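In our numbering, the protein residues as written are 5 to 135.
Laid out in structure tokens, this is it:
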């Protein structure tokens with residue numbers, strides 16, 4: 005019985021440590037960005053942002069908070085919404101070398117070798133056609 009209690013507390017401590025470690029980096033970089041209040045820690049703003057009638061919510065974000073907004077995602081994860089064309093150019097075209105390679109490889113595994121999996125010069129050539 006004592007072993008189960010110790011395992012339970014070890015799991016809880018591991019989850020809390022992982023959560024703290026994952027969200028620690030966001031506390032400095034995105035803390036000063038404007039953000040709407042989320043309804044719950046578990047769902048964040050996803051229920052408002054991803055429902056079929058979300059256009060009104062997105063227009064409200066643009067009018068009230070400007071062209072860069074921080075949203076609370078699932079389980080407290082921080083998400084960034086960008087409407088500024090120059091910022092989008094820097095993210096999608098200019099600074100694409102900063103993307104995590106493992107994330108790109110995971111995208112290729114899930115979606116295949118289509119437009120979602122291209123990188124480097126190929127992406128730089130194709131991306132401006134979609135902006």
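Positions of the beta carbon are idealized from the N, C-alpha and C atoms, including for glycine.
In this text the structure is predicted, and so the values were computed from the model without any measurement.
**Q.** Residues bridged to residue 82 (per DSSP)
**A.** 76, per the DSSP bridge assignment.
Q | residue 42 beta carbon less than 8 Å from that of residue 36 | A | Judged by their CB atoms, residue 36 and residue 42 are not nearer to each other than the 8 Å cut-off.
Q: To the nearest angstrom, report how far apart residue 114 and residue 6 are at their CA atoms.
A: Those two C-alpha atoms are separated by around 43 Å.
Q | Test item: CB-CB of residue 46 and residue 92 under 8 Å | A | In this structure, residue 92 does not lie closer than 8 Å to residue 46 by Cβ.
Q) Okay, do the region 49-67 and the region 14-22 touch, 3+ Cβ pairs below 8 Å being the bar? A) With the cut-off at 8 Å, the region 49-67 and the region 14-22 do not touch.
Q.
Assuming contact is defined by CB atoms lying nearer than 8 Å, are residue 74 and residue 126 in contact in what I supplied?
A. Pairing residue 74 with residue 126 gives a Cβ-Cβ distance that is not under 8 Å.
Q. Excluding five sequence neighbours on each side, which residues of the same chain lie with their C-beta closer than 8 Å to the C-beta of residue 71?
A. Correct list, in chain order: 86, 87, 88 and 91.
(Q) Under DSSP, the alpha helix (DSSP H) around residue 59 begins and ends at which residues? (A) Residue 59 -> alpha helix (DSSP H) spans 59-69.
Q: Find the nearest neighbour of residue 33 within the set 8, 66, 61 and 82, judged by alpha-carbon distance.
A: The residue with the shortest Cα to Cα distance from residue 33 is 82.
Q: With DSSP collapsed to three states, give me the class of residue 40.
A: DSSP, read as helix, strand or coil, puts residue 40 in coil.
Q) Nearest to residue 44 by CA position, among 84, 128 and 77, is which residue? A) Nearest to residue 44 by alpha-carbon distance, out of 84, 128 and 77, is 77.
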